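Chemist: I'd like to ask some things about the structure below.
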Amino acid sequence: MSSLESTIAATAPATAAAVTALGASAEQALGLPDFSSSIYKDAYSRINAIVIEGEQEAHDNYISLGSLIPDQAEELARLARMELKHKKGFTACANNLSVIADMDFAKEFFSPLHGNFQTALAEGKVVTCLLIQAILIEAFAISAYHIYIPVADPFARKITEGVVKDEYTHLNYGQEWLKANLESSREELEQANRVNLPLVRKMLEQVAGDAAVLQMDQEDLMADFMTSYQEALTDIGFTTREIARMATAALLG
Amino acid sequence: MFGLIGHSTSLEQARSKALELGFPEYADGDLDLWCVAPPQLVETFSVTSLTGKTIEGAYIDSVFVPEMLSRFKTARRKVLSAMELAQKSGIDITALGGFTSIIFENFNLLKNQQIRSTALEWERFTTGNTHTAWVIAQQVETNAPALVIDLSLAKVAVVGATGDIGSAVCRWLSQKTGVGELLLVARQPQPLLDLQTELGGGRILSLEEALPEADVVVWVASLPQSLSIDPASLKSPCLMIDGGYPKNLDSKVAGANVHVIKGGIVEFWQDIGWQMMEMAEMENPRRQLFACFAEAMLLEFEGIHTNFSWGRNNITLANMELIGAASLRHGFRSIGLNQAQLPQLAAV
């Protein structure tokens, strides 16, 4: 195809200059943030806390899920142990930057999703619990880690690269279970999605400012989440049209 | 299996197509929603060659629209995510259509091989430029005589001569076709001089200088919106091949004895059971498609699973001949002058 500059000029004249400029700047590698600056550390204290709390809750949730699916309890306990290992890794990341994680903020951040999980757990709703923890939270974590890795400090980068590989196995666990039980789970899945996906969007919006300080772009985060989420739902057996309906419900609501 | 990565020509068109395809939520969505939406594998279909061989293909919509061109990160993510989906779907060879290859090339996405957990395998992708260049050269060779233009004497201007497709067309016209004179038009002086040296000829001109002299004009860079062409200043007859993207030349030079052909478009020998070419506003969307898409089909028919067209200025005459022969064998032909114009031509 032809050159971008001339083509853009023909298509969107108002933006042509902007694109040329962006194209040029894209050639320059974006510098990493100043990890020692107070503004970075301040933002990191909340983002890091979210990650630590997320891993702790993931641990607790997988253990709880073991009580609903006793024959899987051992496997779920194994996943839970991995989450604790991740928590330790991310705690080390904060220490490395001499940051104290703001755990109160993180607990508050997770409380709506945490509440929904606990309610579903109390009602014995395996499908809802799996959707919240093994699909939504894992897809959220995977996309956030992917966006974080290129802009992380070298220590955290190495830790996060290790973690993201594990998280795929957790996402996969939820996918496999839901795939095997799709027909009996479909209605509950759609309902749980309707209730919980908007919470994920709110969580993303809530951290957008801090994430931006870490050079994690909100649109990138959302787009990556949507991709991971679509992949998971496709694997479970939903059609692309069903997924579009389920995913956009949160975005348009 | 072959793949095609395409996109809509505007947000408005994309929204109406989404409604038609059963994605009403996307139809309601604004640009921000479209920016974060993942690529979609919209349809799969089979294609049978003139030789009788049948292959399977998939169309992936990158969910990119040209309104996103001003958002570098969005555009980059759209292209890479669509490529990731193609690879994860197990597609062996995928053509990058429309803005996809333009963004890939101009934003130098080769350095973004890792996308999430996927390392993109470049050999699974092709820009399709070799076939496009061959088709454009064919369109010159076949249609000039119909306008009583003798190519061995004609001056042929190539606008965008130093680009990947432009330079390949120049190479073919000077070494295979043997045109009277090549007029080389592009914006940057040094690549033009390099091309002139490589070709061992051709005259470097500005666009304004080249147009009044040219019997044939090959556009492989689309027209700037602000550019206006006075048809009276052009030669009569004048053959124009609109090889840019999007194709908007006919609105600029309508009338007079100027004949515009949509460049780099081919027609298949029979209908293809797909919906997506309607989005590209082809005259016959069941049969017509971009030559770059057809290249992915040809590579699949021929079992050539490699990035046949890749990078800039790597297109050889040998590869153009190879893909051209395959194109004819499997039932593609380049679209030419509108038949309705021909009686009028007889009177010229």
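Those protein sequences? They're chains W and V, same order as listed.
Residue numbers for the first sequence follow the numbering used here, beginning at 1 and rising by one.
Residue numbers for the second sequence follow the numbering used here, beginning at 254 and rising by one.
C-beta: ideal position from N, C-alpha, C; glycine also.
Please read these numbers as outputs of a predicted model, since none were measured by experiment.
Exposed or buried, what is Glu57 of chain W when buried is set at 16 or more other beta-carbons lying within 10 Å of its beta-carbon?
Modeler: By the neighbour-count rule (16 or more Cβ atoms within 10 Å), Glu57 of chain W is buried.
Chemist: In three-state DSSP terms, what is Phe360 of chain V?
Modeler: In this structure, Phe360 of chain V counts as coil in the three-state DSSP scheme.
Chemist: Compare the C-beta of Leu286 of chain V against all C-beta atoms of chain W and say whether one is closer than 8 Å.
Modeler: Yes, because at least one Cβ of chain W sits closer than 8 Å to the Cβ of Leu286 of chain V.
Chemist: Which residue comes first and which comes last in the alpha helix (DSSP H) that contains Val519 of chain V?
Modeler: Taken as a continuous stretch (DSSP letters only), Val519 of chain V belongs to no alpha helix (DSSP H), being part of the beta strand (DSSP E) at 518-521.
Chemist: Of all the options V:Thr297, V:Glu451, V:Ala280, V:Ile346, which has the alpha carbon lying nearest to the alpha carbon of Cys545 of chain V?
Modeler: Selected option, being the one with the closest Cα: V:Ile346.
Chemist: Counting along the chain, where does the beta strand (DSSP E) carrying Ala390 of chain V start and finish?
Modeler: No beta strand (DSSP E) contains Ala390 of chain V, which is instead part of the alpha helix (DSSP H) from 382-399.
Chemist: Cβ of Gln206 of chain W less than 8 Å from any chain V Cβ?
Modeler: No, no contact with chain V.
Chemist: Taking only beta carbons into account, state which residues of the stretch 168-195 of chain W come closer than 9 Å to chain V, listed in chain order.
Modeler: Correct list: Tyr168.
Chemist: What are the boundary residues of the beta strand (DSSP E) that includes Phe255 of chain V?
Modeler: Residues 255-259.
Chemist: Ala290 of chain V versus chain W: which residues are under 7 Å apart at the beta carbon?
Modeler: In chain order: Met226.
Chemist: Count the other C-beta atoms from every protein chain shown that fall within 10 angstroms of the C-beta of Val401 of chain V, then say buried if there are 16 or more, exposed otherwise.
Modeler: Classification for Val401 of chain V: exposed.
Chemist: What in chain W is Cβ-close to Gln541 of chain V, meaning under 9 Å?
Modeler: Ordered by position in chain W, no residue passes the 9 Å Cβ test against Gln541 of chain V, which lies about 17 Å from the chain.
Chemist: At a CB distance below 7 Å, what residues from the stretch 141-159 of chain W approach chain V? Give them in sequence order.
Modeler: The stretch 141-159 of chain W vs chain V, Cβ under 7 Å: His146.
Chemist: Indicate whether Val438 of chain V and Val412 of chain V have their beta-carbon atoms separated by less than 8 Å.
Modeler: Taking 8 Å as the Cβ cut-off, Val438 of chain V and Val412 of chain V qualify as a contacting pair.
Chemist: Do you know how far the Cα of Ile514 of chain V is from the Cα of Ile494 of chain V?
Modeler: Approximately 5 Å between the Cα atoms of the pair.
Chemist: Are the C-beta atoms of Arg81 of chain W and some chain V residue less than 8 Å apart?
Modeler: No, no contact with chain V.
Chemist: In chain order, what residues of the stretch 366-380 of chain V put their CB closer than 8 Å to some CB of chain W?
Modeler: Going along the stretch 366-380 of chain V in chain order, one finds Arg369, Ser370, Thr380 with a Cβ nearer than 8 Å to chain W.
Chemist: Note the first and the last residue of the continuous beta strand (DSSP E) segment covering Tyr639 of chain V.
Modeler: One cannot answer for residue 639 of chain V here, as it falls past the ends of chain V, which runs 254 to 601.
Chemist: State buried or exposed for Ser25 of chain W, treating a residue as buried only when at least 16 other CB atoms are found within 10 Å of its CB.
Modeler: Low confidence applies to Ser25 of chain W: its pLDDT is 42, below 50, so where it sits in the model is not reliable enough to give any reading.
Chemist: Does the beta-carbon of Ile236 of chain W have 16 or more other beta-carbons within 10 angstroms, so that it is buried, or is it exposed?
Modeler: With 16 or more Cβ atoms within 10 Å of its Cβ, Ile236 of chain W is classed as buried.
Chemist: Give me the subset of the stretch 294-320 of chain V whose CB atoms are less than 9 Å from a CB atom of chain W, sorted by chain position.
Modeler: Taking 9 Å as the Cβ-Cβ cut-off against chain W, the residues of the stretch 294-320 of chain V that qualify are Leu294, Val295, Pro319, Glu320.
Chemist: In angstroms, rounded to a whole number, what distance separates the CA positions of Ala21 of chain W and Lys202 of chain W?
Modeler: For Ala21 of chain W, the predicted structure reports a pLDDT of 38, less than 50, and the residue's modelled location is therefore unreliable. A value from the coordinates is still provided. Straight-line Cα distance between these residues: approximately 33 Å.
Chemist: With Ala134 of chain W and His170 of chain W assumed to form a contact (beta carbons below 8 Å), what rounded beta-carbon distance in angstroms separates them?
Modeler: Yes, they are in contact, since the Cβ atoms of Ala134 of chain W and His170 of chain W sit about 6 Å apart, within 8 Å.
Chemist: Please name the residue in W:Lys41, W:Leu79, W:Asp153 whose C-alpha comes closest to that of Leu32 of chain W.
Modeler: Considering only alpha carbons, the answer is W:Asp153.
Chemist: Using a beta-carbon distance cut-off of less than 7 Å, what residues from the stretch 499-527 of chain V approach chain W?
Modeler: Under the 7 Å Cβ criterion, the stretch 499-527 of chain V contributes Pro499, Asn501.
Chemist: For a test of the three-state rule: what should DSSP assign to Ala414 of chain V, helix, strand or coil?
Modeler: Coil at Ala414 of chain V, not helix or strand.
Chemist: Excluding the 5 residues preceding and the 5 following Arg329 of chain V in the sequence, name in chain order all residues of the same chain whose CB lies nearer than 8 Å to its CB.
Modeler: Ile356, Phe360, Leu362, Asn365.
Chemist: Is the stretch 65-82 of chain W touching the stretch 223-236 of chain W in the sense that three or more CB pairs, one from each, lie closer than 8 Å?
Modeler: Segments in contact, no.
Chemist: I'd like to know if Arg245 of chain W contacts chain V, where contact means its C-beta is closer than 8 Å to some C-beta of that chain.
Modeler: True, the Cβ-Cβ gap to chain V drops below 8 Å.
Chemist: I'd like the span of the beta strand (DSSP E) that includes Ser250 of chain V, first residue to last.
Modeler: Residue 250 of chain V falls outside the range modelled here, since chain V spans only 254 to 601, and no answer is possible.
Chemist: Nearest-angstrom Cα distance between Leu426 of chain V and Thr383 of chain V?
Modeler: The alpha-carbon atoms of Leu426 of chain V and Thr383 of chain V are separated by roughly 14 Å.
Chemist: Taking the beta strand (DSSP E) that Lys515 of chain V falls in, what are its first and last residues?
Modeler: Counting along the chain, the beta strand (DSSP E) containing Lys515 of chain V begins and ends at 511-515.
Chemist: Which residues of chain W have a Cβ atom closer than 8 Å to the Cβ of Gly275 of chain V, listed in chain order?
Modeler: Result: Arg241.
Chemist: Cys408 of chain V versus chain W: which residues are under 8 Å apart at the beta carbon?
Modeler: Note on identity: in this sequence residue 408 of chain V is Lys, with Cys being the wrong assignment. Result: empty, since nearest Cβ-Cβ is about 21 Å, beyond 8 Å.
Chemist: Nearest by alpha-carbon distance to Ile557 of chain V: which of V:Val470, V:Ile344, V:Gly517 is it?
Modeler: Considering only alpha carbons, the answer is V:Ile344.
Chemist: I'd like to confirm the pairing. Which residues does DSSP put opposite Thr371 of chain V in its beta bridges?
Modeler: Paired residue(s): V:Ile368.
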